[in-house]
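Written below as structure tokens is the structure these notes are about.
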Amino acid sequence: MADLETFRTEVHAWLLAHAPQSLVGSMLSNDEGTWGGRKAVYPNPDAKRWLEIMAERGWTAPAWPREYGGGGLSADEAKLLQQEMAKLRIPPPLVGFGLTMIGPTLLQYGTEKQKREHLPAICRGEIRWCQGYSEPDAGSDLASLKTRAVLDGDHLVVTGEKVWTSYADKCDWIFALVRTDPKGKKQEGITFLLIDMASPGVSVKPVLLISGASPFCETYFDGVRVPVENVVTKLNAGWTVAKALLGHERSMIADVFGGGGPRKAKGSALAALARKHLGAGEPLPDPVLRDQIAQAEMDTKCFSLTVQRSSDGMKSGHKPGAETSMFKYYATELNERRYELMVRIAGPQGLGWEGEGFEPDELGLTRAWLRSRGNSIEGGTSEIQLNVIAKRVLGLPD
Amino acid sequence: MNLALTDDQELLAKTAADFVAEHSPVARMRKLRDTKDPLGFSRELWREMAGLGWVGIPFPEWAGGAGLGFAELAVVLEALGRNLAPEPFLSSVLLGGQAVLLGGSEPQQKAVLPDLCSGSRLLALAFQEESSRYDVHRVATRATLQGGGWRIVGRKIQVLDAQVADEIVVAARTEGAAGDATGITLFLLRAGAPGLHRVPQHRIDSRNAAIVQLEGVEATRADVLGEVGQGGALLEKVVDRATLGLCAETLGLMSEAFDRTLFYLKTRVQFGVPIGSFQALKHRAARCFIEIELSRSATLAAARALDEGSDEAQKLVSVAKARCSDAAILVSNEALQMHGGIGMTDEHDIGFYLKRARVAELSFGDAAWHRDRYARLEGF
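So the protein sequences, as listed, match chains A and B. So in my numbering, spot 394 of the first sequence is number 394, and the numbers just go up one at a time. Offset between the second sequence (1-based) and my numbering: plus 1000.
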């Protein structure tokens, strides 16, 4: 423990010495960050510099092995680095699915060549990844996917359509599930494939959401030739890899919504919003909204305590407990409930789409509420999460 | 605050679970009820629990206690809650015992705590009144100055284990009006004091509770716990500790009710398949599981906060009680529903869990009451 405390002191000093001045104290929420990639757009020049400084140190992926561009830190040290950055409100140097999804999956399942080709490029923010899982006819029933990949010499020829590919229009590579064997059990004919989106035959079309934004795309593959060496593990063995990646995805989603980031202010953010819209005074003038605010804040507290109990348990050497299976479900349901409540607190001011009569904060809130409706759908619907809990944790029969 | 149990606490939890499984099956509680047992629990088992050190967990070593904290007490109470053991932890260790520990003078503590820890003396705390609901400051019982002491008149309801207690801590108003936080004084009274009458009450959970009628009970300055007129704040602290204890017990009872229900879902066959294969039941079971996990985190956090003397303790006790109240009602209602008709019979144990869950919900503040308190503490 003394070593960890020394490490904390060193990290704190290093961050203050190396982080661009303009970034220290600049982070307001935990969804800001630099996504990298060939088409990278940086919020400001210091964000680019910060990425370079941290990549050089290996701290964009602090817990990955040094040989693949990571920092070689222990899980405790990596968490501590995150905590110190949060305390100083320094934004993460790099975010994205490379770090949270495909990277950890390649560390577990990739060949040495795949690791050397992809992991350092992820750490340096050079390549941005997207996820090619869902299809028009394969949502919750993911294993029924139809995008075909036919072997032709030392290449696979891919034809089909993926939907809900987040940020595909801004990405360089895609990890995709493709069908290599149409016969037999549907889970057994799936291959996990890494595809360069610059390959001929790949095209991308953004999808407009109810919130007015287009974070997702449809991605089309028309006879795209992919080297066989881009298969992760083996042909027709992709389902195991796919599920492992979903595990990483769900913990990432839970992390984003789980209040892991810094709090904007002391006290209840919902109550602050209510004071703005309902007027000052204590207790809040609307007893029903006040009760709902208390409920939402107490639920949030219970959830963050559960995340903490889980991580404290793992620090004392326990395996991840059954409680982790609920994180994605509860985090997203809670986030949706909070946004609904915020719109209800805003009242008529929560109804604006754009233009006159609404403040930017109010418009942002309304759009965020609309976007949040997808939280309980993407990354495995709430119903699928409940199925998983019933089967894997509670042992209920099929 | 670390929310993982220490190795010692894990061991204690296991010891307690084994002991309760062996010595206190639910059948024991059923028999106490069916025979209308006048004591309502087992003195022998209580002494054994004292011998194991459980009764003395939150008391200092000089009194024969273990000098441990609420995290330890919580794991024991969770184990007892699993099998609905009716031994008087809430009344003696938490309500009466904590009042003496927090408010008692040295002579008062010396006179009471060693016997309490050894299992030979029982306490109760009489604070609830007909119109007080969950507000511990709504005390109408009056203590009027008379000579060098007081004369107490009033009526307390649902006083846990009052009829078996050797001493009863009574909250009475020495000044002000019902609802005032100040002006309340706690008195440590002998249960056999002249003018103190106990009338047993019968609640759905078959646990001991009684009306304590105070008809001119005389008390002296030596009987006062803490400062005259300052009992309101003391009472709040004591009831917070008891609330945490009740949360731990509730956590145990909902966990057990859920485990029994899961077993039923896996073994009860209808339409040729186990009913647990139906998605309508799976999703509801998964939601119960989630609520229990959240309850566990909140209860442990509240216990740790009390042990650390944290500023957040009151808030976390409210978070835990609101969560455990709602979760226990959800889980016990679902447990009964999923058991189907057999769950409605007195012969089946699951109904005991439903009844105790309701009592736990409506003791020391229900979920809405604690949400209100949380909002007040958070300043909104």
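Using N, Cα and C, we set each Cβ at its ideal position, and we do this for glycine too.
When secondary structure is reduced to three states using DSSP, I1329(B) falls in the helix class.
Considering only V1093(B), G1053(B), G1229(B), R1260(B), the residue with the shortest C-alpha distance to A1181(B) is G1229(B).
Burial state of P1088(B) is buried, judged by a 10 Å Cβ sphere holding 16 or more other Cβ atoms. In the DSSP assignment, A1219(B) is bridged to W1150(B). Under the Cβ criterion of 7 Å, I389(A) is counted among the residues facing chain B. Across the set A1071(B), F1041(B), I1057(B), the C-alpha of A1071(B) shows the shortest separation from the C-alpha of A1004(B). Taking a Cβ-Cβ threshold of 9 Å, the residues of chain A close to L1265(B) are L394, L396, P397, in chain order. Contact between D1223(B) and L1188(B) holds, with the beta-carbon distance rounding to 5 Å and staying under 8 Å.
Listed along chain B are Q1279, H1283, each with a C-beta nearer than 9 Å to that of E383(A).
Pairwise C-beta distances place the stretch 1339-1357 of chain B out of contact with the stretch 273-287 of chain A, as fewer than three of them are shorter than 8 Å. When C-beta distances to chain B are compared with 8 Å, the residues of the stretch 305-327 of chain A below that value are L305, T306, Q308, R309, D312, G313, K315, S316, H318, A322, E323, M326, in chain order. Going by DSSP, Y220(A) is part of no alpha helix (DSSP H) but of the beta strand (DSSP E) stretching over 216-227. Under the criterion of beta carbons closer than 8 Å, I1184(B) and L1235(B) qualify as touching, at roughly 7 Å.
Cβ-Cβ distances below 7 Å link P65(A) to G72 in the same chain, with the five nearest sequence neighbours on each side left out; the list follows chain order.
The C-beta of C130(A) comes no closer than 7 Å to any C-beta of chain B.
Short of 7 Å from the beta carbon of Q385(A), and not among the five residues preceding or following it, lie these beta carbons of its own chain, in chain order: K328, Y329.
Between A1320(B) and A1298(B), the C-beta spacing is below 7 Å. P93(A) places its beta carbon 7 Å or farther from that of L151(A). A buried status is given to V1139(B), since no fewer than 16 other beta-carbon atoms sit within 10 Å of its beta-carbon. From the listed residues L81(A), R57(A), P91(A), E117(A), the smallest Cα separation to M27(A) is found for P91(A).
Looking at the DSSP output, P1200(B) shares a beta bridge with A1210(B). Against chain A, the CB of A1071(B) has no partner CB under 7 Å away; the residue lies outside that interface.
By the C-beta density criterion, L1251(B) is buried, having at least 16 other C-beta atoms within 10 angstroms. Excluding residues up to 5 positions away in sequence, R8, V11, H12, L15 lie with their Cβ nearer than 7 Å to the Cβ of E84(A) in the same chain. For R1371(B), the three-state secondary structure derived from DSSP is helix. Taking a beta-carbon distance threshold of 7 Å, D291(A) counts as an interface residue toward chain B. Secondary structure of I1168(B) (DSSP, three-state): strand. By the CB criterion at 7 Å, L1095(B) and V1164(B) fall outside the cutoff. Rounded to the nearest whole angstrom, the C-alpha separation of M298(A) and M1001(B) is 18 Å.
For K1014(B), the closest of L1080(B), S1042(B), F1059(B) by C-alpha to C-alpha distance is L1080(B). Residue environment analysis places Q131(A) among the buried positions, since at least 16 neighbouring C-beta atoms fall within 10 angstroms of its C-beta.
When 7 Å is used as the limit between beta carbons, E282(A) is near these residues of chain B: G1379, F1380, in chain order. In the DSSP assignment, L151(A) falls outside any alpha helix (DSSP H) and lies within the beta strand (DSSP E) extending over 148-152. Proximity of S268(A) to chain B, defined by a Cβ-Cβ separation below 7 Å, is satisfied. If the five residues before and after R1082(B) are omitted, its C-beta is found closer than 6 Å to the C-beta atoms of G1252, E1256, all from its own chain and listed in chain order. Cβ contact annotation for I53(A) (same chain, cutoff 6 Å, sequence separation greater than five): H18, in chain order.
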